[in-house]
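Input: a single structure, listed below in structure tokens.
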Amino acid sequence: MLHRSGPEARAEDLLARAGRGDKDAFAGVFDIFSPVVMGLACRILRDPAQAEEVTQDVMIEIWRTADRYVPERGSAKAWVLTLAHRRAVDRVRAAQAGMEREQRARTLLPEGAFDVVAEVVEHHDEQRRVYRCLASLSRSQRVPLVLAYYQGLTYLEVAHALSAPVGTVKSRMRAALRQLRACMEAGR
Amino acid sequence: MTAEDDPHEAIAAYVLNALPPAEEAAFENHLAGCSTCTEEITAFREVVAELAAAQSAPVPQHIRTTTLKAITHIHQESAPRPPRTAGRRRPALVLAASITAAALLAGTTAWQYTEAEHARTQAAQARGSSQALTDLLVAPDVTVHTAKLTDGARAAVTVSRGQGKAVFAAQGLPAPDEGKTYELWYAFTTGDLHPAGLVSGDARHAPHLLKGPLNKAVAVGITLEPASGSKQPTSKPLGIIPITL
Numbered sequence: 026m027l028h029r030s031g032p033e034a035r036a037e038d039l040l041a042r043a044g045r046g047d048k049d050a051f052a053g054v055f056d057i058f059s060p061v062v063m064g065l066a067c068r069i070l071r072d073p074a075q076a077e078e079v080t081q082d083v084m085i086e087i088w089r090t091a092d093r094y095v096p097e098r099g100s101a102k103a104w105v106l107t108l109a110h111r112r113a114v115d116r117v118r119a120a121q122a123g124m125e126r127e128q129r130a131r132t133l134l135p136e137g138a139f140d141v142v143a144e145v146v147e148h149h150d151e152q153r154r155v156y157r158c159l160a161s162l163s164r165s166q167r168v169p170l171v172l173a174y175y176q177g178l179t180y181l182e183v184a185h186a187l188s189a190p191v192g193t194v195k196s197r198m199r200a201a202l203r204q205l206r207a208c209m210e211a212g213r
Numbered sequence: 006m007t008a009e010d011d012p013h014e015a016i017a018a019y020v021l022n023a024l025p026p027a028e029e030a031a032f033e034n035h036l037a038g039c040s041t042c043t044e045e046i047t048a049f050r051e052v053v054a055e056l057a058a059a060q061s062a063p064v065p066q067h068i069r070t071t072t073l074k075a076i077t078h079i080h081q082e083s084a085p086r087p088p089r090t091a092g093r094r095r096p097a098l099v100l101a102a103s104i105t106a107a108a109l110l111a112g113t114t115a116w117q118y119t120e121a122e123h124a125r126t127q128a129a130q131a132r133g134s135s136q137a138l139t140d141l142l143v144a145p146d147v148t149v150h151t152a153k154l155t156d157g158a159r160a161a162v163t164v165s166r167g168q169g170k171a172v173f174a175a176q177g178l179p180a181p182d183e184g185k186t187y188e189l190w191y192a193f194t195t196g197d198l199h200p201a202g203l204v205s206g207d208a209r210h211a212p213h214l215l216k217g218p219l220n221k222a223v224a225v226g227i228t229l230e231p232a233s234g235s236k237q238p239t240s241k242p243l244g245i246i247p248i249t250l
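As structure tokens, then:
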């Protein structure tokens with residue numbers, strides 16, 4: 026995971042420089058990451074105006090805390106998106122009650138609208154790999170993962186929405202991420 | 006141990022930000038002593054980042070302009086060394102942070118010594134209060150552990166493993182808001198947090214014998230809670246005092 030090269034190394038370098046107060050480097054960080062932050066925020070919040078606010082908050086937070094980024098602990102992308110996901114999830118939880126999110130999850134489930142795989146029309150190789158790996162998961166693993174990550178449900182809410190035991194949901198999430206990890210590493 | 010008791014089962018839910026607050030705090034507590042967890046979390050964060058990165062959306066130009074303008078007025082934090090886990094925005098009831106703090110304290114500081122004496126004196130002066138408290142403070146195996154709390158207060162926990170008891174004392178603890186009280190917690194490497202008694206605003210300057218058995222607790226935490234106390238912390242800890250050597 027170390028010795029990253031090409032665009033990843035460039036992103037890390039820019040983030041490190043931004044952490045030392047380099048505003049031009051931060052502009053580079055903004056250009057690389059803000060579209061994925063915005064994409065994630067849109068997906069979780071389903072409201073472009075709120076997603077824009079979250080994107081701006083996240084990018085400012087990145088500027089403020091960039092000095093904490095440690096390349097040895099993971100890629101710049103993972104660092105940025107960990108922060109972004111947290112912010113988006115906090116926002117959606119504050120804006121919508123858990124019942125409401127669960128309800129939406131439940132009504133959308135039968136049509137398989139959460140099977141992100143089905144939403145894919147055309148993507149570049151990187152994205153295809155992610156979706157191919159998601160598709161390789163069993164539905165019972167994929168659905169809890171997707172509900173938590175893209176809907177901001179807690180595992181308890183996921184369990185409730187799926188009428189599944191809470192312990193089972195937790196274990197399935199872990200099994201899903203393990204399989205996803207194996208699939209993505211194999212595809213590199 | 007069933008799968009549901011195994012704290013490692015929570016790793017994925019943690020990375021997905023899918024743990025309820027109390028469980029998240031408990032898990033972060035477990036995390037501090039778990040190097041295999043850290044490794045798996047790092048790997049999972051990379052995987053999950055790919056899920057996010059698989060979809061992007063255009064950012065309006067005015068957001069870029071506003072953000073780049075805003076940062077010229079925003080002060081940057083310099084990283085604490087060693088830094089915390091990437092991307093986490095708060096310490097929660099995290100032993101990682103506390104262990105770091107303990108490492109930085111590097112053993113017995115002058116303050117720690119003074120505070121220990123202070124705690125002993127204070128306790129000894131609290132005549133008529135619990136005999137157990139006095140017994141503890143004079144126990145042969147007594148150890149004193151100190152930490153700064155987030156509000157600038159200082160705390161000391163005096164522990165006797167032999168007696169299975171601990172005393173908490175703090176200096177400079179502000180009065181809690183109306184309807185709130187301080188609550189103490191025992192933290193275990195399993196990630197469990199056990200309530201260890203309340204410290205009311207009036208009694209915040211007095212030493213407190215922690216409630217419940219010490220068992221193998223590795224740290225003592227303090228949070229602000231509703232006046233009746235809570236079964237699990239509902240707010241960010243004001244501090245963590247590691248009580249292992």
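Read top to bottom, the protein sequences are chains F and D.
When we follow my numbering, the leftmost residue of the first sequence carries the number 26, and every step to the right adds one.
When we follow my numbering, the leftmost residue of the second sequence carries the number 6, and every step to the right adds one.
By construction, the Cβ of each residue, glycine as well, lies at the ideal position given by its N, Cα and C atoms.
At least 8 Å separates the CB of GLU33 (chain D) from every CB of chain F.
Under the 8 Å criterion on CB atoms, ARG157 (chain F) is classed as non-interfacial with respect to chain D. Listed in chain order, the alpha helix (DSSP H) runs fully inside the segment 71 to 106 of chain F are 73 to 90, counting runs of at least 4 residues. Taking a contact as a CB-CB distance under 8 Å, the pair ARG50 (chain D) and THR90 (chain F) does not count as one, their CB atoms being some 16 Å apart. In this structure, ILE246 (chain D) sits near THR151 (chain D), with a CB-CB distance shorter than 8 Å. Measuring C-alpha to C-alpha distances from ALA201 (chain D) to each of D:VAL172, D:HIS210 and D:ALA180 identifies D:VAL172 as the nearest. Contact between LEU189 (chain D) and HIS213 (chain D) holds, since their C-beta atoms are separated by about 7 Å, short of 8 Å.
With respect to ILE46 (chain D), VAL20 (chain D) sits close: the two C-beta atoms are nearer than 8 Å.
Within the segment 50 to 65 of chain D, ARG50, GLU51, VAL52, VAL53, ALA54, GLU55, LEU56, ALA57, ALA58, ALA59, GLN60, SER61, ALA62, PRO63, VAL64 and PRO65 place their CB atoms closer than 9 Å to a CB of chain F, listed in sequence order. For the segment 61 to 84 of chain F, the set of positions with a beta-carbon nearer than 7 Å to some beta-carbon of chain D reads VAL61, MET63, GLY64, LEU65, CYS67, ARG68, GLU77, THR80, GLN81 and MET84 in chain order.
Looking at the DSSP output, VAL225 (chain D) bridges to D:TYR191 and D:ILE246. Only buried fits LYS195 (chain F), as 16 or more other CB atoms lie within 10 angstroms of its CB.
Under the Cβ distance rule, HIS185 (chain F) does not count among the residues neighbouring chain D, no pair being separated by less than 8 Å. Listed along chain D, the residues sitting closer than 7 Å to GLN152 (chain F) by beta-carbon distance are ALA59. For ALA201 (chain D), the uninterrupted beta strand (DSSP E) run begins and ends at 198 to 204, by DSSP. Distance from the CA atom of ALA31 (chain D) to the CA atom of LEU198 (chain D), rounded to whole angstroms, is 6 Å.
A direct Cα-to-Cα measurement between ASN220 (chain D) and THR249 (chain D) gives close to 12 Å. Remark: C-beta atoms of ALA113 (chain F) and ALA66 (chain F) approach each other more closely than 8 Å. In chain D, no part has a C-beta under 8 Å from the C-beta of ARG116 (chain F); the shortest such distance is about 12 Å. DSSP, read as helix, strand or coil, puts SER40 (chain D) in helix. Distance from VAL61 (chain F) to ALA43 (chain F) at the Cβ level is roughly 17 Å; contact not present, criterion being Cβ atoms closer than 8 Å. Of all C-beta pairs linking the segment 23 to 43 of chain D to the segment 170 to 181 of chain F, three or more are shorter than 8 Å, placing the two stretches in contact. Contact between GLN81 (chain F) and ILE79 (chain D) is absent: CB atoms are separated by about 12 Å, not below the 8 Å threshold. Shown here, SER61 (chain D) sits in coil according to DSSP, grouped into three states, outside any helix or strand. Non-local beta-carbon contacts of GLN75 (chain F) in its own chain, meaning distances under 8 Å to residues more than five positions away in sequence, involve ALA66, ARG116 and ALA120 in chain order. Secondary structure of LYS241 (chain D) (DSSP, three-state): coil. Residue pairing for PRO231 (chain D): DSSP places it in a beta bridge opposite D:LYS185.
Taking CB atoms only, GLU44 (chain D) has no neighbour in chain F less than 8 Å away. Interface residue (Cβ-Cβ distance to chain D less than 8 Å): ARG93 (chain F) is classified as such. Under the 8 Å criterion on CB atoms, ARG111 (chain F) is classed as interfacial with respect to chain D. DSSP places SER165 (chain D) inside the beta strand (DSSP E), whose first and last residues are 159 to 165.
Distance from LEU203 (chain D) to TYR187 (chain D) at the Cβ level is roughly 7 Å; contact confirmed, criterion being Cβ atoms closer than 8 Å.
For a Cβ distance threshold of 8 Å, nothing in chain D lies close to LEU39 (chain F): the least Cβ distance comes to about 14 Å.
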